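Enquirer: Here the sequence shown stands for residues -26 to -1, 1 to 526, where the numbers follow mature numbering (1 follows the signal peptide of the UniProt record, and there is no 0).
Glycine is no exception: its CB is placed at the ideal position from the N, C-alpha and C atoms.
All figures in this text were calculated on a predicted structure; none of them were measured in a lab.
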Amino acid sequence: MTADLQKGRMGPRACLLGLLALSVAGQCSYSPEPDQQRTLPPGWVSLGRADPEEELSLTFALRQQNVDRLSELVQAVSDPGSPRYGKYLALEDVADLVRPSQLTLHMVQKWLLAAGARNCHSVTTQDFLTCCLCFTLQAELLLSGAEFHRYVGGPAETHAVRSPHPYRLPKALASHVDFVGGLHRFPPTSTLRQRPEPQVTGTLGLHLGVTPSVIRKRYNLTAQDVGSGATNNSQACAQFLEQYFHASDLAEFMRLFGGSFVHQAAVARVVGQQGRGRAGIEASLDVEYLMSAGANISTWVYSSPGRHESQEPFLQWLLLLSNESALPHVHTVSYGDDEDSLSSAYIQRVNVELMKAAARGLTLLFASGDSGAGCWSVSGRHQFRPSFPASSPYVTTVGGTSFQNPFRITNEVVDYISGGGFSNVFPRPSYQEEAVTSYLTSSPHLPPSSYFNASGRAYPDVAALSDGYWVVSNHVPIPWVSGTSASTPVFGGFLLYKQHGAGLFDVTHGCHESCLNEEVEGQGFCSGPGWDPVTGWGTPNFPALLKTLIDP
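#1: Is it right to say Lys521 is buried, meaning 16 or more other beta carbons lie within 10 angstroms of its own, or is it exposed?
#2: Say whether the stretch 68 to 79 touches the stretch 191 to 199, bearing in mind that this needs 3 or more beta-carbon pairs closer than 8 Å, one atom from each stretch.
#3: How would you label His419, buried or exposed, when you count the other beta carbons within 10 angstroms and need 16 or more for buried?
#4: Which whole runs of the beta strand (DSSP E) in the stretch 27 to 92 are 3 residues long or more, in chain order?
#5: Determine the direct distance from the alpha carbon of Ser234 to that of Glu256, and round the result to whole angstroms.
#6: By how many angstroms is the C-alpha of Thr462 removed from the C-alpha of Asp384?
#7: On the DSSP letters alone, give me the boundaries of the beta strand (DSSP E) that Phe109 sits inside.
#8: Could you give the residue range of the beta strand (DSSP E) that holds Pro453?
#9: Based on the DSSP output, what are the partners of Val188 in its beta bridges?
#10: Would you call the CB atoms of Leu103 and Leu36 closer than 8 Å?
#11: Distance check for Asn491 and Val51, CA to CA, integer angstroms please.
#12: I'd like to confirm the pairing. Which residues does DSSP put opposite Ser351 in its beta bridges?
#13: How do the stretch 341 to 349 and the stretch 303 to 310 stand: do at least 3 beta-carbon pairs fall below 8 Å, yes or no?
#14: Measure the alpha-carbon distance for Gln100 versus Gly90 and round it to whole angstroms.
#15: Cα-Cα, which of Leu30, Ala364, Val481 and Ala24 is closest to Phe377?
#16: Straight-line CA distance for Asp67 to Asn448?
#17: Thinking Ser366 and Leu328 are a contact (beta carbons under 8 Å), I'd like their distance in whole angstroms, please.
#18: With burial defined as no fewer than 16 other Cβ atoms inside 10 Å of the residue's Cβ, what is the status of Trp274: buried or exposed?
#19: For Leu230, count neighbouring C-beta atoms within 10 Å of its own C-beta (all shown protein chains included) and say buried if the count is 16 or more, exposed if not.
#20: Assign Thr132 to one of three DSSP states: helix, strand, or coil.
#21: Look at the alpha carbon of Ser300 and the alpha carbon of Ser424, and state the distance between them as a whole number of angstroms.
#22: On the DSSP letters alone, give me the boundaries of the beta strand (DSSP E) that Val326 sits inside.
#23: My output table needs one value for Ala242: the three-state DSSP class, helix, strand or coil.
#24: Grab me the residues of Asn325's own chain with a C-beta within less than 6 Å of its C-beta, minus the 5 sequence neighbours each way, in chain order.
#25: Which residue wins for smallest C-alpha separation from Leu65, given the options Leu117, His139, Arg159 and Glu298?
#26: Ala460 and Ser488: beta carbons closer than 8 Å?
#27: Relative to the C-alpha of Leu157, which residue among Ile189, Asn206, Arg124 and Trp505 is closest?
#28: Starting from Arg402, follow its DSSP beta bridges and name the residues at the other end.
#29: Do Ser361 and Val312 come within 8 Å of each other at the CB atom, strictly closer than that value?
#30: Taking 7 Å as the line, does the beta carbon of Glu493 fall inside it for any heavy atom of the ligand MN?
#31: For His220 versus Gly346, is the C-beta distance shorter than 8 Å?
#32: Look at the alpha carbon of Val387 and the alpha carbon of Ala212, and state the distance between them as a whole number of angstroms.
#33: Would Ala432 and Arg402 be called neighbours here (beta carbons separated by less than 8 Å)?
#34: Just how far apart, CA to CA, sit Glu226 and Glu262?
#35: Distance check for Tyr4 and Ser278, CA to CA, integer angstroms please.
#36: Could you tell me if Pro302 is buried or exposed, where buried requires 16 or more neighbouring beta carbons within 10 angstroms of its beta carbon?
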């Protein structure tokens, strides 16, 4: 497909004639994402219309085949009672299963060729196609209704090109294209926060914040509980915030906090662009604590800020997963959006991408979010607001906890920001039935039933400390950094899969935040014995967890 499109590149006059024909044909069109939220995120401002001659890079999600069969295979390879348990698929097997039909490939190729698209690149599974369009007018004629504007926002003053208006495609493509990426969704912003240092009198026997030694002591990791250093055992974290880690910060962090355990001195591989600007706290934290909890394990960093201002960084990461045969087994990701802010076409397709990863035996750990149960108003009534991909049934979602005494290594309680709840999109999977039903029938502190979808996929699955971390960023040690972005790389380092709570410390005290109204008064769900929608099954107890994994 790529070669044909590049070979068929047209001159400007022929390109415009082709687009004119497309725009006439486009009068018989459809909207792939009519429900996609297009309001400007907080902190972003418009700089006006994009330059008409500005080049855009757009990603086309092509309709896949055999998705139901893929779902069945994921269930089989994940079920210890199945004869296919643990027999994961290679990327090539996944490609053979989901590859779009020849008709889909031909139709989309013909459409883009007529539009003068160039430098088109596919992936191994052939279900995504990223193309350059040489000017915005070309893209606006191709995607009728779209109108590209420039925006800037976020702490790093990130630039993006997006359309505030919905786009339409020719009706003939309705069964061939799921959505077009790069038009509406904005890059995420970090929700990590630096909390005020708690007041304490005297320091005897106390710690002054969470460090690797505190993590390892709380979760019963000894000096011998480190990786072998072999290159065939690896872990990864992903960054989408146009911020980066610095190797010098990692070295300083390990000098300050890594003296009690064997660790690797550097990241083994960076996939994507590693910028030269200031280090970001989130990026620094991800790398430093993944390499501390998963000590002496080869670590990759996926750095996906989006090579072009019209690309979606999270979508680019998904494309990387669909294009590499050899990947780390565990990926930790601190990214999420409100379910209701995403189109049905997008959320369902991304869920299939997560399903593809599960079929290959990849463990994807996502932060549960830092807004508790969340809150939004629907037809004048408040409801909790679930987060995605945290709500996907194909990922492991990590919530957050705090020490009962912030200066002592004690039992853990709920961190009030820990995201959790029930999906409004995905039904409760069968593997959750017993645990979730038990919680819903036994919890004495359930919110009103109108606030959540009790039959939806419940999350988080597990938790870890998310409060009071020390991080080194831009050569400066920074204390009291908090958020489930912190707990996710910590949990990722343990390479685990939950077994009904075995090997985990149960967290039974505390509630997370939600709507500030008279009905719930800011309180969402509360933790309790067993699984709960605040801390999942609990936090890791490494020796017991290892025993469970070896002899489930």
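Expert: Concretely, from the data shown:
#1: Translated into the one-based positions of the sequence shown, residue 521 becomes position 547. Classification of Lys521: exposed, given that the 10 Å Cβ count is below 16.
#2: no
#3: What you label residue 419 is simply residue 445 of the sequence shown in a count that begins at 1. Result: exposed.
#4: 30 to 36
#5: Residue 256 sits at position 282 when you count from the first residue of the sequence shown. Residue 234 sits at position 260 when you count from the first residue of the sequence shown. Cα-Cα distance, rounded: 24 Å.
#6: Here residue 384 refers to the residue found at position 410 of the sequence shown. Here residue 462 refers to the residue found at position 488 of the sequence shown. Correcting the residue identity first, residue 384 is Thr in this sequence and not Asp. The alpha-carbon atoms of Thr384 and Thr462 are separated by roughly 20 Å.
#7: As a working note, residue 109 is residue 135 in the sequence shown. First-last for Phe109: undefined, no H or E at that position.
#8: Translated into positions along the sequence shown, residue 453 becomes position 479. Unbroken beta strand (DSSP E) run through Pro453: Val450 to Ser456.
#9: Counting from one through the sequence shown, the residue named residue 188 turns up at place 214. DSSP lists no partner for Val188.
#10: Indexing the sequence shown from 1 puts residue 103 at position 129. Indexing the sequence shown from 1 puts residue 36 at position 62. Yes.
#11: For this step, residue 51 is matched to residue 77 along the sequence shown. For this step, residue 491 is matched to residue 517 along the sequence shown. Cα to Cα, Val51 sits roughly 45 Å from Asn491.
#12: For this step, residue 351 is matched to residue 377 along the sequence shown. In DSSP, Ser351 forms a bridge with His356.
#13: yes
#14: By one-based count along the sequence shown, residue 100 stands at place 126. By one-based count along the sequence shown, residue 90 stands at place 116. Their backbone Cα atoms lie some 20 Å apart in a straight line.
#15: Taking the first residue of the sequence shown as 1, we reach residue 377 at position 403. Per the Cα distances, Val481.
#16: Against the sequence shown, residue 67 aligns to sequence position 93. Against the sequence shown, residue 448 aligns to sequence position 474. Spanning the two alpha carbons is a distance of roughly 43 Å.
#17: The sequence position of residue 366 within the sequence shown is 392, counting from 1. The sequence position of residue 328 within the sequence shown is 354, counting from 1. Between Leu328 and Ser366 the Cβ distance is about 5 Å, and since that is below 8 Å, they are a contact.
#18: Here residue 274 refers to the residue found at position 300 when the sequence shown is read from its first residue. Trp274 is buried by the Cβ-count criterion.
#19: The sequence position of residue 230 within the sequence shown is 256, counting from 1. Answer is exposed; the Cβ neighbour count stays below 16.
#20: Position 158 of the sequence shown, counted from the first residue, corresponds to residue 132. In this structure, Thr132 counts as strand in the three-state DSSP scheme.
#21: Position 326 of the sequence shown, counting from 1, holds the residue named residue 300. Position 450 of the sequence shown, counting from 1, holds the residue named residue 424. For clarity, residue 300 is Ala in the given sequence; the question names Ser instead. Rounded to whole angstroms, Ala300 to Ser424 spans 45 Å at the Cα level.
#22: Reading the sequence shown from its first residue, position 352 is the one you call residue 326. No beta strand (DSSP E) holds Val326; the alpha helix (DSSP H) holding it covers Ser318 to Ala333.
#23: The count along the sequence shown starts at 1 and reaches residue 242 at position 268. It is coil, neither helix nor strand.
#24: As a first step, residue 325 must be located in the sequence shown, where it is residue number 351. These residues qualify, in order along the chain: Ser366.
#25: As a working mapping, residue 65 is identified with position 91 in the sequence shown. Minimum Cα distance to Leu65 is reached at Glu298.
#26: The sequence position of residue 460 within the sequence shown is 486, counting from 1. The sequence position of residue 488 within the sequence shown is 514, counting from 1. No.
#27: The residue given as residue 157 occupies position 183 in the sequence shown. It is Arg124 whose Cα lies nearest to the Cα of Leu157.
#28: For the purposes of this step, residue 402 is taken as residue 428 along the sequence shown, with counting starting at 1. Arg402 is not bridged to any residue.
#29: As a working note, residue 312 is residue 338 in the sequence shown. As a working note, residue 361 is residue 387 in the sequence shown. Sequence inspection shows Asp at residue 312; the Val mentioned does not correspond to that position. The answer is yes: Cβ separation under 8 Å.
#30: For the structure depicted, the ligand MN is absent and the ligand set is empty, with no information on it obtainable.
#31: Within the sequence shown, numbered from 1, the residue matching residue 220 stands at position 246. Within the sequence shown, numbered from 1, the residue matching residue 346 stands at position 372. It is not a contact, given that the beta carbons lie outside the stated cut-off.
#32: Reading the sequence shown from its first residue, position 413 is the one you call residue 387. Reading the sequence shown from its first residue, position 238 is the one you call residue 212. So the two alpha carbons sit approximately 28 Å from each other.
#33: Working through the sequence shown from its first residue, we reach residue 432 at position 458. Working through the sequence shown from its first residue, we reach residue 402 at position 428. Yes, they are a contact pair.
#34: For this step, residue 226 is matched to residue 252 along the sequence shown. For this step, residue 262 is matched to residue 288 along the sequence shown. Cα to Cα, the separation comes out at about 10 Å.
#35: Your numbering for residue 278 matches position 304 in the sequence shown. Your numbering for residue 4 matches position 30 in the sequence shown. If I take the Cα positions, the gap works out to 31 Å.
#36: The residue labelled residue 302 in the question sits at position 328 within the sequence shown. Label assigned to Pro302: buried.
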